[in-house]
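In what follows, a structure is listed as structure tokens, so that the remarks can point back to it.
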Amino acid sequence: MAQPSAERRAAHAALLSIGVSAGLATLKIVAGVAARSVALISDGLESASDCFTSGIVYVGLRVAERPADKDHPYGHGRFEILTGLGVGILLAAIGAGICVRALEQRDEPHMPEVFAVWVILVSIAVKGALAAFKTRTARRTGSVALNADARHDLVDLLSGTVALVAVALAILFPSLHAADHWGGFAIGLIVIFLGLNVARDTTLQLMDTMPDEAQMEQIRAAALRVPGALGVEKCFARKTGLRYHVDLHLEVDPAMTVLASHEIATAVRFSIRGELDWVQDVLVHVEPHLPSPAFPRPEATMKR
Numbered sequence: 148m149a150q151p152s153a154e155r156r157a158a159h160a161a162l163l164s165i166g167v168s169a170g171l172a173t174l175k176i177v178a179g180v181a182a183r184s185v186a187l188i189s190d191g192l193e194s195a196s197d198c199f200t201s202g203i204v205y206v207g208l209r210v211a212e213r214p215a216d217k218d219h220p221y222g223h224g225r226f227e228i229l230t231g232l233g234v235g236i237l238l239a240a241i242g243a244g245i246c247v248r249a250l251e252q253r254d255e256p257h258m259p260e261v262f263a264v265w266v267i268l269v270s271i272a273v274k275g276a277l278a279a280f281k282t283r284t285a286r287r288t289g290s291v292a293l294n295a296d297a298r299h300d301l302v303d304l305l306s307g308t309v310a311l312v313a314v315a316l317a318i319l320f321p322s323l324h325a326a327d328h329w330g331g332f333a334i335g336l337i338v339i340f341l342g343l344n345v346a347r348d349t350t351l352q353l354m355d356t357m358p359d360e361a362q363m364e365q366i367r368a369a370a371l372r373v374p375g376a377l378g379v380e381k382c383f384a385r386k387t388g389l390r391y392h393v394d395l396h397l398e399v400d401p402a403m404t405v406l407a408s409h410e411i412a413t414a415v416r417f418s419i420r421g422e423l424d425w426v427q428d429v430l431v432h433v434e435p436h437l438p439s440p441a442f443p444r445p446e447a448t449m450k451r
């Protein structure tokens, strides 16, 4: 039986997240209204945003799964990165809304009910398990959007902890009833910070930021393991969705025929793709290997 693609596995994780987040959001908002807790309602709204962001991620991953076509020769993977950027912007906007709402209600005195604490504890436990699952899946698949969504869940844990402390302070110390409101405000700030951080990371990928040097060295090493590959003059890589597209300038024997050099270039392409599952495709440009200054490169000769 064929294994599901990386995009499909990530999409299944996002779909599971939608269901879990919807249940938690409903529980926290209803309980927050009943318990008169601004912090719990804010935490519930943050969970409700999880449903929407996970939905965006799911759609993005399904589109990214489509194969390359005439109009999209590099595939549709960039759509997955775009959804990650959308999640970041949306999170920042939601966080700002939570902050505004908490400030508007800060002068309204109220005492949260004790059962709000139990709802928050259940939420923290469930979100912790979900965050661990999505983080593990994001690492295995390389999904930027799912990783952004997993980080959103990690912020849920932090916001849940803030809500727990705020509600507990308001219950134990009635004179600190405003702690519930300020807890909601703090949750909003956390969400804003997360959103801006996610937007920054995805923007770097949209700008074709190179992978780290260790990964680039793996590409060069895989190329040079092919017999006849004498050197790598240039090597670039850019991420398109879950995988990288590589452009490589390969040096071969200058006396070699075009056919022979083409065969080596093809072998290099398959070597890199075979060894590195995070590489989608490789474009190889063949150049003569001229290590001695006595033998100038052809382009230098043509300029004279």
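Read in order, the letters of the sequence shown are residues 148 to 451 in this note's numbering. Positions of the beta carbon are idealized from the N, C-alpha and C atoms, including for glycine.
Cutoff 6 Å; reference residue i; Cβ partners in own chain excluding five residues on either side
i	result
V309	G330, A333 and I334
G166	none
P435	P401
I337	V302, L305 and S306
Backbone secondary structure at residue i - three-state DSSP
i	result
F262	helix
F320	coil
K381	strand
V269	helix
V399	strand
D428	strand
R183	coil
Buried or exposed (CB count within 10 angstroms, at least 16 for buried), residue i
i	result
T404	exposed
P259	buried
G289	buried
V266	buried
E212	buried
L208	buried
Supposed contact pair residue j and residue i - C-beta distance, whole angstroms, cut 8 Å
i	j	result
R113	G388	There is no way to answer for residue 113, as the model of the chain reaches only from 148 to 451.
G421	L343	Not quite, the Cβ-Cβ distance comes to about 39 Å (not below 8 Å), so this is no contact.
L187	A178	6 Å
S168	D197	4 Å
M354	C382	At roughly 18 Å, the Cβ-Cβ gap does not stay under 8 Å, so M354 and C382 are not in contact.
Beta-carbon proximity list for residue i, same chain, < 8 Å, skipping 5 on both sides
i	result
L311	V264, I267, L268 and I271
R287	A153 and R156
Other residues of its chain near residue i: CB distance less than 7 Å, five sequence neighbours each side excluded
i	result
A370	A376, V379, L395, L397, V415, S418 and I419
R458	No answer is possible for residue 458: the residues shown for the chain start at 148 and end at 451.
Q365	L423
request  = Assess, as a yes-or-no matter, whether the segment 194-210 is touched by the segment 294-302 under the definition of 3 or more beta carbon pairs within less than 8 Å.
outcome  = yes
query = Should the segment 427-439 be called in touch with the segment 394-401, which here means at least 3 C-beta pairs below 8 Å?
reply = The segment 427-439 vs the segment 394-401: in contact.
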